[in-house]
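Protein chains in written order, with our numbering: chain A, -19 to 228; chain B, 186 to 517.
Think of the CB as a built atom: it goes at the ideal place given N, C-alpha and C, for glycine as much as any other residue.
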Amino acid sequence: MNELIENGPKSMVIGILALQGAFAEHQVMLQKLGLQVEICVNLVRSVQDLQTCDALVIPGGESTTIALLAKLSGLLDPLREFLRTKPVWGSCAGAILMSRNVTNAKKGGQDLLGGLSVTTTRNGWGSQIESFEVPLVVQSLSQPDRPFQGVFIRAPVVFSVDLTPEDPPLQIIARVPVQLLPDAQHLVLQNQNLADPLNPRTIVAFRQGNHLFTSFHPELTKDDRFHTYFVQECVIPSLVTGRSSLIR
Amino acid sequence: MSTPANNTPQSQTSVQGVGTTSTPLPAPARTQKDGGIGNTAVGTFGVKSGLAQMLKGGVIMDVVNAEQARIAEEAGACAVMALERVPADIRHHGGVARMSDPEMIKSIMDAVTIPVMAKIRIGHFVEAQILQQIGIDYIDESEVLTPADEENHVNKHSFKVPFVCGARNLGEALRRISEGAAFIRTKGEAGTGNVVEAVRHQRSVMSEIRKAGVMSEEELYAYAKEIQAPFHLLKETARLKRLPVVNFAAGGIATPADAALMMQLGCDGVFVGSGIFLSGDPAKRARAIVQAVTHYNNPKVLADVSEGLGEAMVGLTIDKDLKGGRMAGRGN
């Protein structure tokens, strides 16, 4: 990876979808990273803003609100196209928008961007009083011995993994312990072995191609290791190959 | 979490099964388990203020029934405030205004997937316990309702559910935060359709923050005394050059231009109370205000969305004859 940085891009433009939600927190984190590569952060509110970006972060917020504002700004299709070619990271609401399907959508359904082979359940843990913090063990980050504080706010749950043969594989980055899973009826599969540590419902962070999914909020902590991971593992490789290595 | 007070509902209420809709089964125990990875915490200040951070750049709309809540959700509201009467009607009807019927609040929680907030009277911690029990997402300890306690606010640290409170100036905002509020809004003058008080309050907060931002530590001690704010919160505010929690505009916002004005004055988002459902075309106005908050710095979008919205709510002049009186003075 160091080699990639040395021979790779000197600078990059990372967009943050700034329609609604906690985009400013991501901006502060990315601007403070202090990596060897120069990162320009671009707040994206229009198609023109998006065109200048090498990668995109879709922040937490309300997925229904963000989807409506994207639609009204003519951004839905340009964002879907962006997801086909460039690295995108969705945290919480952003992760919902990047899912292929959602359950517990608003009545009448809601627009999604797609891009990731999962079905997520919105507000999987319940209302705000069920929101929680938990230290996560994340082997893929630098200093893997140091737990990463996961902040889950009305967070989505990965309901199922729906890989088709054409999809790039899912690389699981972090899970929560099985006993933390909500026991809500709609989240329990028939015959599902709740003690199975590989239960898809325990997935809280994964990578597919150059996309990153976190159902929690690294931008609400002071720990920038997920931001570093996104830049070094998702964005830089896509710039080096000149195009997304979605299928590897 | 801070020390629970005597009136804490936490000691009696487990974190189990207070879900909103289809969660009849109790959730597995995950309260402060010690040791290993199960070291989980609910109701931390981080998740309380974190939800407010997720609401930023959004519009929170007052709704009085499930149908209005659905209109608000479709129009892009990032949350709704469930109440029996909008502030303009509270002014009109007079009498004592209280927390809404939990059944009515639950019907709104069932109708939408976005966060649902509800109001309690200032100092009425039992109304707060009831709202926490039914699984509300945020509580507004609001001057719009008739205060239950003229001296004390609710000790908000002792609840798992987060609170938003109104403030007219920096001292008031920091006092509310020290009581546990995770989210601040201007008081404005609710139910008037007149933005002048919200502007006054936001300008006060911002100019006091700028003043504190250039003070030495010695001066901050004296300033904390002057504005009756806890020193450590004032120092943190001076360092950040903004309030340490999210700050929305509220009270009298009726048009997309009003909403964008408050955003340009430094607010993180907007509450709209009577302004939407007392106007000629609520769905269209709601959507326009949502767009105005996102594109608050883009006059072209603001001009586009301000067109053809139909009649705005009737505004009231704020003077000594104001029907229902000045609400902003309640609670200090």
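One or two residues paired with B:K304 in a DSSP bridge:
B:D325
Per DSSP, which one or two residues make a beta bridge with B:V245?
Looking at the sequence provided, one finds Ile at residue 245 of chain B rather than Val. B:I245 is bridged to B:A264 and B:F456.
Confirm, please, whether the CB-CB distance from A:C33 to A:G70 is below 8 angstroms.
no
Are the beta-carbon atoms belonging to A:L(-3) and A:V24 less than 8 angstroms from one another?
Using a Cβ distance threshold of 8 angstroms, A:L(-3) and A:V24 count as a contacting pair.
Give a yes or no on whether the minimum CB-CB distance between A:N190 and chain E is below 8 angstroms.
No chain E is part of this structure, whose protein chains are labelled A and B.
Residues of the segment 320 to 332 of chain B in Cβ contact with chain A at a cutoff of 9 angstroms, in chain order, please.
G320, I321, D322 and Y323
With 8 angstroms as the threshold, decide whether the Cβ of A:F210 is near any Cβ in chain B.
no
Can you pull the chain A neighbours of B:L236, defined as C-beta to C-beta under 9 angstroms?
Those are Q108, S111, I133 and R134, listed as they occur along chain A.
Considering only the alpha carbon of each residue, which of A:E5, A:T44, A:K66 and A:S53 lies closest to A:N190?
A:K66
Taking only three categories from DSSP, how would you classify A:V98?
DSSP places A:V98 within a strand segment (E or B) once states are collapsed to three.
Let me make sure I understand the geometry here. Which of B:A471, B:V430 and B:D453 has the alpha-carbon closest to that of B:G231?
B:V430
Would you call B:G243 buried or exposed, if buried means 16 or more other Cβ atoms sit within 10 Å of its Cβ?
Classified as buried, B:G243 has 16 or more neighbouring CB atoms from the shown chains inside 10 Å of its CB.
Among residues of its own chain, excluding the 5 on either side of B:G460, which ones have a beta-carbon nearer than 7 angstroms to its beta-carbon?
G378, I438, A439 and M498
Would you please state the rounded distance, in angstroms, between the beta carbons of A:L219 and A:M(-8)? I believe it to be under 8 angstroms.
6 angstroms
Output yes or no for whether 8 angstroms exceeds the beta carbon distance between B:A367 and B:A473.
no
B:L359 versus B:L418: straight-line alpha-carbon distance, rounded
7 angstroms
Which partner residues of A:P58 appear in the DSSP bridge assignment?
Paired residues: none, contrary to the question.
Going by the beta-carbon positions, is the gap between B:A257 and B:V265 smaller than 8 angstroms?
yes
Separation of B:I394 from A:R181, as counted between CA atoms
Here the alpha carbon of A:R181 sits roughly 45 angstroms from the alpha carbon of B:I394.
Would you kindly report the start and end of the unbroken alpha helix (DSSP H) that includes A:E110?
Element bounds for A:E110: n/a, residue is neither H nor E.
Bounding residues of the alpha helix (DSSP H) (the contiguous stretch that carries B:G235)
F230 to L240
B:A352 - containing beta strand (DSSP E), residue span:
F348 to A352
When you compare the CB of A:A35 with every CB in chain B, is at least one pair closer than 8 angstroms?
no
When the Cα atoms are used, what is the spatial distance from B:K372 to B:V455?
The alpha-carbon atoms of B:K372 and B:V455 are separated by roughly 12 angstroms.
Pairs of beta-carbons, one from the segment 94 to 104 of chain A and one from the segment 138 to 156 of chain A, closer than 8 angstroms: are there three or more?
yes
What are the boundary residues of the alpha helix (DSSP H) that includes B:S491?
P484 to S491
Whole angstroms is fine: what's the gap from A:T194's alpha carbon to B:I324's?
So the alpha carbons of these two residues sit roughly 28 angstroms apart.
Chain A residues whose Cβ lies nearer than 8 angstroms to that of B:P429
Ordered by position in chain A, no residue passes the 8 angstroms Cβ test against B:P429, which lies about 14 angstroms from the chain.
Leaving out five residues on either side along the sequence, give the residues of the same chain with a beta carbon under 6 angstroms from the beta carbon of B:E364.
H338 and K341
Is it buried or exposed for B:V281, if we count other Cβ within 10 angstroms and need 16 for buried?
By the neighbour-count definition (other C-beta atoms within 10 Å, threshold 16), B:V281 is an exposed residue.
Alpha carbon of B:A190 to alpha carbon of A:A2, nearest angstrom
Note that B:A190 has pLDDT 41, beneath the 50 cutoff, so the model's placement of it is unreliable and the number below is only indicative. Their Cα atoms are separated by approximately 32 angstroms.
In the structure shown, what three-state DSSP assignment does A:E18 receive?
strand
Should B:P441 go down as buried or exposed, given a rule of 16 or more other Cβ atoms within 10 Å for buried?
buried
For A:G(-5), the three-state DSSP class (helix, strand or coil)
strand
Quick one, are the C-beta atoms of A:I133 and A:S111 less than 8 angstroms apart?
Result yes, Cβ atoms of A:I133 and A:S111 sit closer than 8 angstroms.
For A:R205 versus A:V184, is the C-beta spacing smaller than 8 angstroms?
no
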